[in-house]
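Colleague: Pasting a structure below so you can have a look.
Numbering (the numbering used here), first residue to last: 808 to 945.
Below, the structure is given as structure tokens:
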């Protein structure tokens with residue numbers, strides 16, 4: 808009887824430890840701050856596409872140094888070279904109808920988004936925007 812309790816207790820501890828490992832792996836594998844900023848960036852892009860005149864500085868609610876726009880099929884190596892960084896978040900878009908937007912602060916990507924290449928912002932946005940230039944998008 809006591810042996811069964813010990814075995815069940817061990818099984819519970821192994822299950823709890825396994826769940827804890829999965830939760831911690833999920834937290835470290837996906838950056839919750841980055842996910843939140845990606846959402847904010849998407850909202851900012853939507854705002855920019857509807858406003859007549861607005862800057863990225865006015866629309867993006869977090870700190871940044873540069874915003875980069877890349878057209879479809881731009882190789883990852885070229886994107887990283889232009890931004891001056893290496894990141895697992897940089898990926899080549901292999902669709903004709905998508906552009907990529909990366910927001911960089913202190914040499915690190917702090918947000919990124921895919922945007923329809925046919926959108927207003929894709930056609931009006933320069934390849935690089937430096938914070939402080941107050942460059943109007945539309």
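Beta carbons are placed, not taken as given, at the ideal position from N, Cα and C, and that holds for glycine.
(1) Would you tell me roughly how many angstroms separate the C-alpha atoms of residue 868 and residue 813, rounded to the nearest one?
(2) Are the beta-carbon atoms of residue 928 and residue 855 separated by less than 9 Å?
(3) Quick check on the burial criterion: 16 or more other C-beta atoms within 10 angstroms. Buried or exposed for residue 934?
(4) As a quick exercise: from 919, 857, 811 and 938, pick the residue whose alpha carbon is nearest that of residue 846.
(5) Relative to the C-alpha of residue 842, which residue among 862, 884 and 910 is closest?
(6) Indicate the three-state DSSP secondary structure (helix, strand or coil) for residue 905 in the structure shown.
(7) For residue 869, which of helix, strand or coil comes out of DSSP?
(8) Quick check on the DSSP output: the beta strand (DSSP E) that includes residue 921 runs from which residue to which?
(9) Leaving out five residues before and five after residue 900 in sequence, what residues of the same chain have Cβ atoms less than 6 Å from its Cβ?
(10) Assuming contact is defined by CB atoms lying nearer than 9 Å, are residue 875 and residue 889 in contact in what I supplied?
(11) Residue 935 lies in the beta strand (DSSP E); which residues open and close that run?
(12) Taking residue 855 as part of the alpha helix (DSSP H), name the residues at either end of that continuous run.
Modeller: Working from what's here:
(1) Counting from one through the chain shown, the residue named residue 868 turns up at place 61. Counting from one through the chain shown, the residue named residue 813 turns up at place 6. Roughly 54 Å separates the two Cα atoms.
(2) Walking along the chain shown from the start, residue 928 turns up at place 121. Walking along the chain shown from the start, residue 855 turns up at place 48. Annotated as proximal: residue 928 and residue 855, with beta-carbon spacing under 9 Å.
(3) On the chain shown, position 127 is the one that residue 934 refers to. Result: exposed.
(4) In the chain shown, the residue the question calls residue 846 occupies position 39. Nearest C-alpha to residue 846: 919.
(5) Your numbering for residue 842 matches position 35 in the chain shown. It is 910 whose Cα lies nearest to the Cα of residue 842.
(6) As a first step, residue 905 is located in the chain shown; it is residue number 98 there, counting from the start. In the displayed model, residue 905 falls within a strand according to three-state DSSP.
(7) For the purposes of this step, residue 869 is taken as residue 62 along the chain shown, with counting starting at 1. Coil.
(8) In the chain shown, the residue the question calls residue 921 occupies position 114. Note, residue 921: beta strand (DSSP E), 915-923.
(9) Counting from one through the chain shown, the residue named residue 900 turns up at place 93. Non-local C-beta neighbours of residue 900 in its own chain, meaning closer than 6 Å and more than five positions away in sequence, comprise 879 and 907, ordered along the chain.
(10) Counted from its first residue, the chain shown places residue 875 at position 68. Counted from its first residue, the chain shown places residue 889 at position 82. Yes.
(11) Taking the chain shown and counting its residues from 1, the one referred to as residue 935 is at position 128. Looking at the DSSP string, the run of the beta strand (DSSP E) that includes residue 935 is 935-937.
(12) Position 48 of the chain shown, counting from 1, holds the residue named residue 855. Note, residue 855: alpha helix (DSSP H), 839-857.
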